[in-house]
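Undergrad: Structure below; questions to follow.
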Amino acid sequence: MQVSITINDEQVSRDVEPRQLLVHFIRDTPGLTGTHWGCDTSNCGACVVLMDGKPVKSCTTLAVMCEGHEIRTVESLEVDGRLDPVQMGFHERHALQCGFCTPGMLMTARALLDENPDPTEHEIRTAISGAICRCTGYKNIVSAIRWAAEYEAAKQEV
Amino acid sequence: MATVENLPSADTERPIGFGRLKRKEDARFIRGKGTYLDDIRLPGMVYGALLRSPYAHARIVSIDTSRALAHPNVAAVVTAKDLETLGLAWMPTISYDTQAVLAGDKVRFQGQEVAFVIATDEYSANDALELIDVEYEPLPAIVNARKALDADAPLIRDDKIGQRDNLASPTWEAGDEAATDRAFAEADTVVVRDIIYPRCHPAPLETCGMIADFNPQTGQLDIWNGNQAPHAHRTVYAHVAGLAEHMIRIRCSDIGGGFGNKVPVYPGYVCAIAGSIVAGVPVKWVENRSENLMSTGFARDYIMHGEICSKDGKITGLRADVIADHGAFDSTAQPTKFPAGFFHIVCGSYDLEGAHVKVKAVYTNKAPGGVAYRCSFRITEAVYLVERMVDALALEMEVDPIELRMSSFIAPEQFPYVTTTGWTYDSGNYAETMRVAMDIAGYEDLRREQAEKRARGELMGIGVCFFTEGVGAGPRKHMDILGLAMNDGADLRVHPSGKAVVSISAQTQGQGHETTFAQIVAEELGIPPEDVEVRHGDTDRSPYGLGTYGSRSTPVSGAAVAVVSRKVRDKARLIAATMLEARPEDLAWEKGRWYVKGDPDKGALIEDIAIRAYSGEPMPAGMEGGLDAQVIYDPPNLTYPYGAYIAVVDIDPDTAQVTIRRFIAVDDCGVRINPMIVDGQIHGGLAEGVGIALMEVITFDEEGNCLNSSFMDYLIPTALECPDFELGATVTPCPHHPLGAKGVGESPNVGSPPAIVNAVIDALHQTHGVDHIDMPCTPARVWAAMQGRPEPPQ
Amino acid sequence: MQTPAPFEYERATSVEGAIASLQRLGPEARIIAGGHSLLPMMKLRLANPEHLIDINDLTELAFIREQDGEIRIGALTRHVDLLKSELLAEQFPLFRDAEQVIADPVVRNRGTIGGSLCQADAAEDLSAVCSAVKARAVIRGAEGERVVEMENFHLGPYMTAVGDGEMLTEVRLPLRAGAGSAHEKVERRAGDWAIAAASAALWIDGGTISDAGVALSAVGLTTIHLSRAEELLRGQAPSEELFAQAGAIASEDCSPGADGRGPIDYKRHLAGVLTTRALRRAATRALHQEA
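Structure, rendered in structure tokens:
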């Protein structure tokens with residue numbers, strides 16, 4: 774069936790089977806392989822994207838369910854060559870190693886800071902508890918999200 | 034030395050050489066522009082999927098592929114019969130065994146590969162699997178390694194001529210049995226424990242996969258694959274597929290984690306290659322998570338019997354007797370003469386009088402593997418055993434576990450130290466590192482707090498681990514894998530612009546090689562890291578070497594890069610001498626430039642030397658143009674990083690839940706090229722240790738059904754289970770490594786599980802009489818231990 | 439990745455329309471809301487419905503409001519909204535206790551109370567929560583609405599009172615004075631199913647427990663409604679001893695199975711411990727003693 778989904782502010786229309794998962798719909802779109810998958814049971818969070826601003830697991834969502842909704846992927850974070858503060862924070866604080874969980878973590882972080890600009894360490898750990906990282910042990914991810922929060926707060930004050 | 038906390042760098046702080054340098058490779062990953070295997074699409078590409086056995090042990094009576102072939106989107110269905118005609122039904126393993134690519138006569142573990150479907154898309158390939166009808170005749174399964182050698186145990190490897198039992202590898206011994214017997218005879222305290230290191234799994238976030246593209250016109254086989262040793266794989270494929278090695282090109286995609294899971298050659302790879310050879314189009318095979326957990330290289334599964342003794346307050350002897358469960362095929366990956374890997378480093382960090390180990394391996398009806406998950410070739414198992422035994426001994430002797438270790442450590446003046454099992458540890462100051470850890474932890478305060486809490490009925494435990502491990506395999510004279518020397522190459526080419534390309538044999542899966550290896554060139558030559566391109570992962574564009582695992586990148590490839598940089602620097606000196614009209618011996622080096630001793634203003638920058646090397650100006654007599662060099666580095670020895678870890682746990686007395694409140698890790702990995710990356714590696718390994726100690730395990734029921742084949746049941750720690758790790762460092766340079774560096778990637782996995790388990794027992798010993806518990810320390814298992822009912826081993 | 443078998447899909451534009459489709463398509467049609475129970479099963483091919491009826495556009499089913507002496511929760515209300523609701527936190531704090539430990543924050547953005555209750559996994563926290571607070575389920579079919587007490591809603595593993603051609607639309611929680619409630623759960627790791635969980639609600643009037651609701655998750659084929667414990671508690675003054683007795687009943691009256699999460703004796707033990715803890719906290723909240 775024909776489905777039309779807004780991804781990163783652009784209409785993407787395609788004829789797909791109802792059973793096609795959102796993660797595959799996204800990854801089949803040219804230039805959008807930044808959203809990953811790592812499990813079969815909705816546990817790992819590598820597939821997290823934003824749907825109407827909220828993090829969702831795109832492996833557990835059908836593409837057809839997303840018509841009429843706004844999807845944002847990691848590719849939307851950088852705007853006109855300017856990195857999003859969460860991307861800057863991950864780079865500053867060495868919050869990625871193999872990079873595979875990173876897009877899901879970045880989108881989760883972006884949504885967290887949009888809702889809670891000054892999260893505590895516990896709030897950050899809770900927010901990312903739906904995503905698994907095998908490389909970093911999470912310490913630097915927490916630190917990176919705090920860095921981004923402080924960066925954004927400082928920019929507000931200016 | 035206080036806690037090392039890497040402070041954010043200033044925008045302008047970019048060390049030329051060692052130091053906290055932000056990573057070059059981040060640029061693509063933070064934008065979602067990494068190229069992982071499943072991101073690659075080629076024109077005309079088709080998709081493979083594997084049908085796997087539901088039984089742990091069964092005869093295959095028949096395979097009917099007709100319904101699958103009738104599916105409109107299915108191009109082919111491959112079975113063992115088809116592979117036999119290509120000579121590919123079986124493949125060699127790293128341990129000189131054979132493994133079925135597709136099962137023909139029998140299936141020997143649940144999840145074993147039975148048929149390979151090729152279809153136009155992934156969804157159709159998955160659908161087609163349900164259309165293949167296989168008739169099985171189930172057989173009794175062996176799941177318990179202790180029973181594998183029973184007289185009535187079913188024979189698993191009846192495919193092997195002359196195999197009459199389930200022995201995979203006969204007893205291998207190391208150490209001095211006589212000296213060990215003497216130590217035990219003279220000891221005043223002896224402690225015995227049966228200790229299991231359960232089966233677990235590296236489970237990198239990206240599963241395994243391959244794209245194989247055979248061009249029938251040219252005979253070229255192009256492979257895209259995330260694997261940790263591309264050159265070794267290429268050699269294997271040349272051998273197995275009967276293709277010329279130089280006609281095979283492997284390009285490693287960005288790898289979403291390896292941890293040893295991406296070392297072996299898997300049946301899916303061979304099927305993809307066979308499929309492409311037959312079909313003449315690219316074939317992509319990517320496994321799902323279930324397949325990854327059920328069939329790819331697991332880790333550990335060592336059933337260990339340990340004995341330890343002491344005299345006059347000092348540890349004097351250690352014995353270990355091990356049954357290793359290798360699964361249905363022996364595909365363990367370790368150097369040839371070491372069937373138990375480096376397990377015999379179980380002598381630990383102590384000045385023992387004798388140690389003796391025996392290890393035998395058995396086949397069981399489970400997935401093949403055993404050497405993986407940052408194990409340093411079984412050093413995780415060895416350190417777990419010795420550090421658990423040391424704690425058990427401390428309990429028996431009623432002494433503080435740190436005190437017992439301090440009085441037994443190898444002393445600094447004893448290095449280089451030849452252990453009783455044949456290792457030559459290169460350098461160490463163990464007591465200092467232990468003290469730094471105690472300092473960061475506030476050890477005395479912790480013990481006080483523990484006493485106060487105990488009086489109130491609260492359960493708090495403090496656990497220690499001190500480890501010495503050996504990494505950086507290894508010297509040609511001592512070791513090889515499949516007959517290939519464990520040497521790595523490095524090619525360095527400085528261009529006329531003064532910028533450089535260094536091609537290496539190591540293969541990053543997140544370790545930051547694109548940054549750290551550039552830093553080595555920067556340190557040696559003064560070319561800024563952003564001007565040094567690190568190439569790896571393409572067998573056509575990188576020198577032969579054995580890849581990345583066993584923490585060998587820094588010790589071997591890192592050394593190769595240092596040596597090749599120095600070769601270039603030496604060549605540069607001769608060119609500079611010509612440029613400056615001086616004699617080479619009158620020149621001195623400061624980073625980036627040769628200058629005349631006694632006339633420092635008179636010098637030549639490396640970039641000017643580069644231009645000169647390519648120009649028409651005169652070169653030194655007999656020297657060719659260009660500024661490059663090649664090296665194959667043969668390490669003279671392993672390197673021996675070590676560390677002191679302290680875990681603090683709290684246990685809920687009613688629910689038995691274990692919380693890791695604090696974890697202190699002080700590592701000595703010699704000189705640290707990039708402390709930020711070193712610390713990151715340690716954080717990650719500690720988190721894996723938390724998982725192994727508390728929740729990660731692969732178990733089977735009596736029929737051999739795998740009970741942990743998804744991330745719902747193979748539990749990996751989230752940010753909520755991991756504490757805020759506290760790191761420290763001491764630096765004892767490796768005397769034989771050109772940079773004094775040792776390697777560190779696996780140390781955190783080596784050291785953390787014993788520290789955590791020791792802490793759990795420390796919490797429960799006085800109040801509940803617990804003196805042993807096996808991992809994982811789930812709430813149910815801890816509760817059972819508290820009731821005085823340790824769970825029987827599986 | 440594992441992928442579902444093919445199916446037909448339609449989007450419901452009204453509750454009546456969804457029900458009409460269910461009737462027309464028969465038992466091979468399933469409703470999908472958040473999809474985080476159904477889609478994982480479909481990917482593993484443990485569930486293979488031929489038709490999916492997507493009800494996510496039926497926003498009229500997403501609400502939490504006070505009405506006619508009840509708190510009414512629409513079936514399409516997402517877990518995240520149950521977690522954030524101040525109304526619920528004030529009247530029935532056990533919802534917030536449970537939601538903090540149901541799945542993970544990302545799943546909670548999509549999963550719904552209707553989906554959780556109708557999935558009817560024995561380990562579902564919200565099933566015990568709703569049982570403890572004496573919730574009533576509103577089920578709508580072609581013939582109209584009927585209301586089912588929570589204790590009659592869960593019939594067995596993955597079986598509820600919702601019949602073919604029917605749909606859960608609302609959950610109603612009666613409001614009475616003097617209420618306090620709590621939910622306690624032990625799991626192997628954040629986001630995991632419960633090894634055991636206990637929900638407790640107490641209504642305390644003049645120092646005496648006038649009514650009690652106690653239910654357990656994950657220690658039986660379905661939600662365990664501890665009626666024997668409730669009988670013990672009614673009419674008594676809250677005390678540690680009383681709660682310990684209730685805990686003992688919980689241990690006896692549950693019927694856990696052994697699995698990867700734990701053996702039977704540990705689960706029985708947990709059922710007791712968590713019942714006692716939940717009752718203690720419920721009482722403290724009922725007496726407004728919790729900070």
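Chains as they are written, first to last, in our numbering: chain L, 774 to 931; chain P, 34 to 827; chain E, 439 to 729. Don't be surprised by glycine CBs; every beta carbon is placed ideally from N, CA and C.
#1: Pull the bridge partners of W456(P) from the DSSP assignment, please.
#2: Looking at the unbroken beta strand (DSSP E) that takes in A181(P), where does it start and where does it end?
#3: Taking CB distances under 7 angstroms as the criterion, tell me whether F798(L) reaches chain P.
#4: Using a Cβ cut-off of 9 angstroms, which residues of the stretch 305-322 of chain P contact any Cβ in chain L, in chain order?
#5: In three-state terms, what does DSSP make of G773(P)?
#6: Please list the partners that N547(E) has in chain L, where partner means a Cβ-to-Cβ separation under 7 angstroms.
#7: Examine the ligand ADP and report whether any of its heavy atoms sits within less than 6 angstroms of the Cβ of I687(E).
#8: What is the rounded straight-line gap between the Cα of Y230(P) and the Cα of A709(E)?
#9: Does the contact criterion of 3 or more C-beta pairs under 8 angstroms hold for the stretch 257-265 of chain P versus the stretch 742-749 of chain P?
#10: Could you tell me whether any Cβ in chain E is nearer than 7 angstroms to the Cβ of N398(P)?
#11: With three or more beta-carbon pairs closer than 8 angstroms as the criterion, would you say the stretch 123-139 of chain P touches the stretch 329-341 of chain P?
#12: Considering Cα atoms alone, identify which of L797(P), A818(P), S743(P) is closest to L482(E).
#13: Return the CA-CA distance between R814(P) and V497(P), expressed in angstroms with no decimal places.
#14: Can you find a C-beta in chain L that's less than 7 angstroms from the C-beta of W816(P)?
#15: If you count every other CB in all the chains shown that lies within 10 Å of the CB of V316(P), and 16 or more means buried, which is it?
#16: Determine the chain P residues that contact N913(L) at a beta-carbon separation under 7 angstroms, and present them in chain order.
#17: For S815(L) and A882(L), I'd like the C-alpha separation in whole angstroms.
#18: What residues from chain L crowd round A628(E), counting only those whose CB sits closer than 7 angstroms?
#19: Decide if the stretch 212-229 of chain P is in contact with the stretch 355-375 of chain P; the criterion is three or more beta carbon pairs, one per stretch, under 8 angstroms apart.
#20: With T213(P) as the anchor, note down where its alpha helix (DSSP H) starts and where it stops.
#21: Taking Cβ to Cβ, would you say Y673(P) is nearer than 7 angstroms to D384(P)?
#22: Taking just the CA atoms, how far does H867(L) sit from T501(P)?
#23: I need the straight-line Cα distance from G603(E) to A122(P), nearest angstrom please.
#24: Output yes if chain E places a C-beta closer than 7 angstroms to the C-beta of N325(P); else output no.
#25: How close, in whole Å, do the beta carbons of V664(P) and A523(P) come, if the pair is a contact with beta carbons under 8 angstroms?
#26: Looking at the unbroken beta strand (DSSP E) that takes in I491(E), where does it start and where does it end?
#27: Any Cβ of chain P within less than 7 angstroms of the Cβ of Q440(E)?
#28: At a Cβ threshold of 7 angstroms, is R64(P) touching chain C?
#29: Apply the 10 Å Cβ neighbour rule to V379(P) and answer buried if 16 or more other Cβ atoms are within range, or exposed otherwise.
#30: For the beta strand (DSSP E) that K114(P) lies in, which residues bound it at each end?
#31: Output the boundary residues of the beta strand (DSSP E) element that contains T881(L).
#32: What does DSSP give as the partner residue(s) for N258(P) in the beta ladder?
#33: Report the residue from P187(P), I93(P), V111(P), P781(P) whose alpha carbon sits nearest the alpha carbon of S99(P).
#34: Hey, which unbroken runs of the alpha helix (DSSP H) at 4 residues or more fall wholly within the stretch 519-604 of chain P?
#35: Using the three-state DSSP reduction, which class does V392(P) fall into: helix, strand or coil?
#36: Looking only at its own chain, which residues have a Cβ that is under 7 angstroms from the Cβ of H801(P), when we skip the five neighbours before and after it?
TA: So, from the data block:
#1: Checking the DSSP bridge columns, you'll see W456(P) has no partner listed.
#2: From DSSP, A181(P) is part of no beta strand (DSSP E); its letter is neither H nor E.
#3: no
#4: N321, R322
#5: Reduced to three states, the DSSP call for G773(P) is coil.
#6: K827, P828, V829
#7: The ligand ADP is absent from the structure shown, which contains no ligand whatsoever.
#8: 31 angstroms
#9: no
#10: no
#11: The stretch 123-139 of chain P vs the stretch 329-341 of chain P: no contact.
#12: S743(P)
#13: 21 angstroms
#14: no
#15: buried
#16: Near N913(L) (Cβ distances below 7 angstroms), the residues of chain P are G713, H716.
#17: 18 angstroms
#18: S902
#19: Too few Cβ pairs lie closer than 8 angstroms, so no.
#20: 210-219
#21: no
#22: 27 angstroms
#23: 52 angstroms
#24: It does not: the Cβ of N325(P) has no partner Cβ on chain E nearer than 7 angstroms.
#25: 5 angstroms
#26: 489-492
#27: The beta carbon of Q440(E) sits closer than 7 angstroms to some beta carbon of chain P.
#28: Among the protein chains of the structure shown, namely L, P and E, there is no chain C.
#29: buried
#30: Looking at the DSSP string, K114(P) is not in any beta strand (DSSP E); the run it does join, the alpha helix (DSSP H), is 113-119.
#31: Segment 875-888 is the alpha helix (DSSP H) holding T881(L); no beta strand (DSSP E) there.
#32: M243(P), C285(P)
#33: The option with the nearest alpha carbon to S99(P) is V111(P).
#34: 546-558
#35: strand
#36: Contacts found: M819.
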